[in-house]
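Chains H and X are the protein sequences, given in the same order. Once you know that position 431 of the first sequence is 476 in my numbering, the rest is easy, because the numbers rise by one and skip nothing. Once you know that position 226 of the second sequence is 227 in my numbering, the rest is easy, because the numbers rise by one and skip nothing. Cβ coordinates follow ideal geometry from the N, Cα and C atoms, glycine included. Remember, it's a predicted structure, so these values are computed and weren't measured experimentally. Below is one structure, written out as structure tokens; the observations come after it.
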Amino acid sequence: MTTFLSQNVERLQAPEIDYFAVAPLLIVLGAACAGVLVEAFLPKAQRWAAQVVLVLATLAAAGALLVAYASDEGTPDQGKTTLAGAISVDQPTIFLWATLLLLGLGSVLLIADRSVEPGGAFMPEATPSGGTYRDQAGGGAQALMTREQATRFGMQTEVFPLTLFALGGMMVFVAANDLLTMFIALEVLSLPLYLMCGLARRRRLLSQEAAVKYFLLGAFASAFFLYGVALLYGYAGSVKLADIATATSGTDRSDTLLYAGFGLLVVGLLFKASVGPFHAWTPDVYQGAPTPVTAFMAACTKVAAFGGILRVLYGAFERSSWEWQGVLWGVAIVSMVIGAVLGLTQTDVKRMIAYSSVAHAGFLLVGAISLNEQGLSGTMFYLMAYGFTTIAAFGVVSLVRNADGEATHLSQWAGLAKRSPVVAGVFTFLLLALAGLPLTSGFIGKFAVFAAAVEADMTPLVVVALVASAVAAFFYLRVIVLMYFSEPAADGPAVSVPGAFTTMAITMGVLFTLVLGVWPPKVLEWAGTGAFIF
Amino acid sequence: MSWVLIALLLLPLVGSLVVAFLRGNDRLAKLVALAFSLVELALAVLAWTAYDPGGDRLQLTSSAEWIPTFGVHLSFGVDGIALVMIALVAFLVPVVIGGSWAEKLPEGRSAGGFFALLLAMQTGMVGVFAATDVFLFYVFFEAVLVPMYFLIGRFGGPNRQYAAMKFFLYSLLGGLIMLASVIGLYVVSREEIGQGTFDWATLVTVTRDAPLSTQIWLFLGFFIAFAIKAPLVPLHTWLPDAGAEAPVGAGVLLVGILDKIGTFGFLRYCLPLFPAASQELAPLVLVLAVVGIVYGSLLAVGQSDMKRFVAYTSIAHFGFIALGIFAFSSQAGAGAVLYMVNHGISTGMLFLVVGMVMARGGSRLIEDYGGMAKLTPVLGGLFFVAGLSSLALPGTNSFVSEFLVLIGSYPNEPVFTVIAALGMVLAALYVLWLYQRVFQGPVRGTALVDLAGGPGAAVDPERAPVPDLNKRELAVLAPLVALILVLGFYPKPVLDVITPSVGATLSEVGVADPVAQEGK
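Quick look at the structure:
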């Protein structure tokens, strides 16, 4: 009896935690909790300032600790696993965490801005309204506030801790070494996003619709993911990626369980990454969500989702690749074609960028399924490059406004270059980066993933990808044509003078887009320093 | 002396930035742009003198690491072919700046922006010819599109949006197809020598041993991009639109230089990198070339719009150049390269004089003019000179190159050469007929009649309602006329630079012929 007990006690011993390695993660999640307390105890007037300081300090501290860990001599070259192997802080994780923190910083700067939209892009208080006639008529009740009122009411500052929770979830997601941890992380990152989508100050109905849509489809996707995890557990007897990998190499287990489990799991992941044909939510949600949140989703969620996809594919399914690579070929092609072709028909700039993100997801998938070193580093580089470009692009979108808020209809962008050459110039540069022209980060990223794919004998796929790039270039160019070559509409939108925060976010995005395009060697080397460890 | 190339690259870029900041003051912007382009010309002369025709394959080289992960270097260097193209760029840009001095820009556009874009494009054009790293070449190849796109789209004719878009998409599609081949080169080099590289000189030694099927695929990627650029029928349809809608100055550079990137690419990349594929597919290219000559000439005859006319004559001329390149004889090859230079000069001049006619009559349509030589005899005379050069009259520059191409191609490709010779006859037809319609006979046509004071009105040269060329326009055209005549009678200095490089290119293909040195 006593031996039995003591054995049990031994078995229950807490896993060893390398606090140094996971410190960035703990800080972000801890600060998220602290943010909730700030909401609870500080008077409304002080919350915005306190939250902004808290979030920025958190990101800075997390970044500093990450750098310290990565450059510490005690850290093994390949990184290490901790928390009983549930979290792996290896080189890809370090790269992706750094990417997430930087992109998170950019998004938070956009979220924190209160000058572009007086009072901020988020609704001032929890209002049940959504279907009122005034909302349907246009701007919603909040739009009728005067500038002073809006500034005085401020905004829902809960958005800051929500952002941090989502960011923490993303960081766990890319580092998770077993499927269950991954699922928890998926929920931690998703739930705050569902909420944040519904917080827009203007066009409340659209925003709420986006939130509900995202939530319902996201819940389905999570269910798929979880079902897949269950089947894979049935197949391998474990949810650890390494154990699944072992199980796939030559056993007489049921292949049905493997295929079904893998399929369901991947559907969940592809949904989050907005890869076509699992992209249906993307345009609606991108359009309806407040633009800073859209930027956050487009940049950070993409990084997290593809970080997860890479880890799962490399960790658990590399050895069974011949069984699923064909399917993901098809998915990548569908995604690129849907993104490029449907992007052509869009008349709303946010929806257009959404379809562009579907096409980019296809390109990323091309890199991810290459399953070689270049594929891993290329995809991660692409993620970073794409994230910065997107954040800056949405930053610019948030500046082009008329009396009803953002003027996102493309016709309203006509002749923008005449009204504000700088904004038009910046947006042109970003569009060229999205189109993948040389001397922008988009080109280097595309080159990296396509080179990896050719190396993995996927040349036909690369040709499809290049044709899709050419088609997609058409809709980017169309916006440039509108801005530069058309006469401005008489009642066209004005461009707001951006506040300090938005300016910083856009500047950061543009600088990274330029630097990663002109002088990428350091970052490419960094992305290629190491492989996953499991 | 390798700094000369770097200086040639950077100077226009600096100039472009400076001019862009002078957008408030058009006159100053123009002067600064002209000054930069003249210094650039001086640098090009310096590079020319520093180049030793009998020396290394690539000269004035410099190299620095750029992206070690992919084995990409910032490497520059020129052979004789690249050198003459860079010289042509440096020569044409000041001419174009002078020619665009009084360009009527669309409302609200500043001359500063126009000239800044011209100079930015010059950097791209020099880079395309000077790059000796395939990746770097690709970067310049695409980068040069952006300023041209804005030049057409912002400063062009009424249908400029459509033309700019078409131009950009065609080139971009070609570029992306080429990118597939560029990546392919990288992978092949990784497999062959264990280390991916884009260094042209290294790749030449690697890819020639690749299997024929690989070579053909990679060749096609490059070829399609270059065939769109150069335009070969049937990938040419963007050129008439872009050429017609582009402002005159940009049009000169478009057909004079940008399109030559295609033919330059054939010589620098398609032939040496994929010798077996080049020979295998040469018949296909020759068919396209000859079809282009005949088709372009016939359509040029039928044009009613003068700028489209120039574009179609270019398509015919590019057929000759492609014929010369893919006939694989050193005479034809040297002729083709000389043709590239001469075409830049003669078509550039043709474009400019058409622009000057348009500046007076305000219309691009041929039927709106007639008997203009009575009003503007000097313009008429110079238009005629440009036309004669375009139809390759003996004594003009184009004759030498066209003749070299034809006699050089005949031994290897008699059938194609005979058909191509038809192009010479058609050229006489389309040039002379155009001249006759616009300049000869009584003053007529809506664009002129009102200005001249009614149909058949006696013209008083003293109070010319349609002014003849002014001093600026004469100064712009004078160097072109001089070059047309000098290269017509004494092409040796240029041929001396070209011939060894063409010979080296052909020996890389493995078809060097003994007549090489007698071709001059």
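Contact the region 372 to 388 of chain H vs the region 314 to 322 of chain H: 3+ CB pairs below 8 Å: By the Cβ rule, the region 372 to 388 of chain H counts as touching the region 314 to 322 of chain H, because three or more pairs are nearer than 8 Å.
Residue(s) in a DSSP beta bridge with Gly487/H: Locating residue 487/H in the first sequence gives position 442, counting from the first residue. According to DSSP, Gly487/H bridges with nothing at all.
Euclidean distance between Cα positions of Thr348/X and Pro248/X: Walking along the second sequence from the start, residue 348/X turns up at place 347. Walking along the second sequence from the start, residue 248/X turns up at place 247. A straight line joining the alpha-carbon of Thr348/X with that of Pro248/X spans about 15 Å.
Of all the residues that make up the region 155 to 182 of chain X, which are near chain H by a beta-carbon distance shorter than 8 Å? Residues passing the 8 Å Cβ filter: Arg155, Arg161, Gln162, Ala165, Met166, Phe169, Leu170, Leu173, Leu174, Leu177, Ile178, Leu180, Ala181.
Mind reading off the beta-carbon distance from Ala387/X to Val342/X? Whole number of angstroms is fine, and I expect it under 8 Å. By one-based count along the second sequence, residue 387/X stands at place 386. By one-based count along the second sequence, residue 342/X stands at place 341. Not really, about 15 Å apart at Cβ, beyond 8 Å.
At what residue ranges does the region 72 to 130 of chain X contain a whole run of the beta strand (DSSP E), taking only runs of 3 or more? Correct list: 73 to 79.
Gln437/X, buried or exposed, once every other Cβ within 10 Å from all chains shown has been counted against 16: In the second sequence, residue 437/X corresponds to position 436, counting from 1. The Cβ neighbour count for Gln437/X, taken over all protein chains shown within 10 Å, is under 16; the residue is labelled exposed.
Own chain, CB closer than 7 Å to Tyr278/H, minus 5 neighbours either side, in chain order: Taking the first residue of the first sequence as position 1, residue 278/H is located at position 233. Answer for Tyr278/H: Val284, listed in chain order.
Considering only the alpha carbon of each residue, which of Gly573/H, Phe579/H, Ile289/H, Val330/H lies closest to Thr70/X? The count along the second sequence starts at 1 and reaches residue 70/X at position 69. Distance from the Cα of Thr70/X is smallest, within the candidate group Gly573/H, Phe579/H, Ile289/H, Val330/H, for Gly573/H.
Among the candidates Ala334/H, Ile156/H, Arg249/H, whose CA atom is the shortest distance from the CA of Pro543/H? Against the first sequence, residue 543/H aligns to sequence position 498. Ranking Ala334/H, Ile156/H, Arg249/H by Cα distance to Pro543/H puts Ile156/H first.
Could you tell me the distance, in whole angstroms, from the CA atom of Arg446/H to the CA atom of Ala83/X? Within the first sequence, residue 446/H is the residue found at index 401, counting from 1. Within the second sequence, residue 83/X is the residue found at index 82, counting from 1. C-alpha separation (whole angstroms): 49 Å.
Just checking: is the beta-carbon of Val20/X within a distance shorter than 8 Å of some beta-carbon in chain H? Residue mapping note: residue 20/X aligns to position 19 of the second sequence, counting from 1. Any Cβ of chain H closer than 8 Å to the Cβ of Val20/X would place that residue at the interface, and such an atom is absent.
Contacting residues, own chain, Cβ-Cβ under 6 Å from Pro206/H (five flanking each side not counted): Against the first sequence, residue 206/H aligns to sequence position 161. The answer, listed in chain order, is Ala77, Gly80, Val81.
Within the same chain, show all residues whose beta-carbon is closer than 6 Å to that of His405/H, passing over the 5 residues directly before and after it, in chain order. As a first step, residue 405/H is located in the first sequence; it is residue number 360 there, counting from the start. Cβ within range, chain order: Tyr431.
Taking CB distances under 8 Å as the criterion, tell me whether Gly407/H reaches chain X. Along the first sequence, one-based indexing puts residue 407/H at 362. Gly407/H does not count as touching chain X.
Among Asn160/X, Ala121/X, Arg209/X, Leu475/X, which one has its Cα closest to the Cα of Gly511/X? Here residue 511/X refers to the residue found at position 510 when the second sequence is read from its first residue. Out of Asn160/X, Ala121/X, Arg209/X, Leu475/X, Arg209/X has the C-alpha closest to the C-alpha of Gly511/X.
Please classify Asp200/X as buried or exposed, where buried requires at least 16 neighbouring CB atoms within 10 angstroms. Taking the second sequence and counting its residues from 1, one reaches residue 200/X at position 199. Per the 10 Å Cβ criterion, buried.
Just checking my contact of Gly336/X with Ser402/X at CB under 8 Å: how many whole Å lie between their CB atoms? Position 335 of the second sequence holds residue 336/X. Position 401 of the second sequence holds residue 402/X. The Cβ separation is near 5 Å, so the contact holds.
Taking 8 Å as the CB-CB cut-off, is Pro501/X touching chain H? Counting from one through the second sequence, the residue named residue 501/X turns up at place 500. Taking 8 Å as the threshold, the shortest C-beta distance from Pro501/X to chain H does not fall below it.
So what's Thr397/X in DSSP terms, helix, strand or just coil? Counted from its first residue, the second sequence places residue 397/X at position 396. In the structure shown, Thr397/X adopts extended strand secondary structure according to DSSP, grouped into three states.
Collapsed DSSP secondary structure at Ser305/X in the structure displayed: For the purposes of this step, residue 305/X is taken as residue 304 along the second sequence, with counting starting at 1. Ser305/X falls in the coil class under three-state DSSP.
CA-to-CA distance, Gln419/H to Glu570/H, given in whole angstroms: Your numbering for residue 570/H matches position 525 in the first sequence. Your numbering for residue 419/H matches position 374 in the first sequence. Rounded to whole angstroms, Glu570/H to Gln419/H spans 11 Å at the Cα level.
Between the region 556 to 569 of chain H and chain X, which residues of the former have a C-beta closer than 7 Å to a C-beta of the latter? Residues of the region 556 to 569 of chain H whose Cβ lies closer than 7 Å to any Cβ of chain X, in chain order: Pro565, Pro566, Leu569.
Cβ-based burial, Ala334/H [other Cβ within 10 Å; buried from 16]: For the purposes of this step, residue 334/H is identified with residue 289 of the first sequence, where counting begins at 1. When all chains shown are included, Ala334/H counts as buried.
If we cut at 8 Å on Cβ distances, does Pro276/X have a partner in chain H? On the second sequence, residue 276/X is found 275 positions in, with the first residue counted as 1. With 8 Å as the cut-off, Pro276/X does not count as an interface residue toward chain H.
Once the 5 residues before and after Gly100/X are set aside, which same chain residues still bring their CB inside 6 Å of it? In the second sequence, counting from the first residue as 1, residue 100/X sits at position 99. The answer, listed in chain order, is Gly250, Leu353, Val477.
Are Ala349/H and Val219/H touching if we call contact CB-CB under 8 Å? Mapped onto the first sequence, residue 349/H falls at position 304. Mapped onto the first sequence, residue 219/H falls at position 174. The Cβ atoms of Ala349/H and Val219/H lie closer than 8 Å to each other.
Excluding the 5 residues flanking Gly175/H on each side, which residues of the same chain have their C-beta closer than 6 Å to its C-beta? Within the first sequence, the letter at position 130 stands for residue 175/H. A caution first: Gly175/H carries a pLDDT of 43, below 50, which makes its placement in the model unreliable, though a value can still be read off. Contacts found: Arg249, Leu250, Gln253.
The alpha helix (DSSP H) with Thr226/H in it runs from where to where? One-based indexing of the first sequence puts residue 226/H at position 181. For Thr226/H, the enclosing alpha helix (DSSP H) has its first and last residue at 224 to 242.
CB of Ala245/X within 8 Å of CB of Ala428/X, strictly: Working through the second sequence from its first residue, we reach residue 245/X at position 244. Working through the second sequence from its first residue, we reach residue 428/X at position 427. Contact flag unset, no.
Can you list, in chain order, the residues of the region 67 to 91 of chain X whose Cβ is nearer than 8 Å to any Cβ on chain H? If the cut-off is 8 Å between Cβ atoms, the region 67 to 91 of chain X has Trp67, Ile68, Pro69, Thr70, Phe71 near chain H.
Within 8 Å, do at least three Cβ pairs link the region 257 to 267 of chain X to the region 391 to 399 of chain X? Two segments are said to touch when three or more pairs of C-beta atoms, one from each, lie closer than 8 Å; by this definition the region 391 to 399 of chain X does not touch the region 257 to 267 of chain X.
Could you have a look at Ala65/X and say whether DSSP puts it in helix, strand or coil? The residue labelled residue 65/X in the question sits at position 64 within the second sequence. DSSP places Ala65/X in strand when its eight states are reduced to three.
In three-state terms, what does DSSP make of Ile578/H? Taking the first sequence and counting its residues from 1, the one referred to as residue 578/H is at position 533. DSSP places Ile578/H in coil when its eight states are reduced to three.
Could you tell me the boundaries of the beta strand (DSSP E) in which Ile132/H lies? Here the question's residue 132/H lines up with position 87 in the first sequence. 132 to 135 is the extent of the beta strand (DSSP E) around Ile132/H.
In three-state DSSP terms, what is Ala334/H? For this step, residue 334/H is matched to residue 289 along the first sequence. In the structure shown, Ala334/H sits in coil (DSSP, three-state: anything other than H, G, I, E or B).
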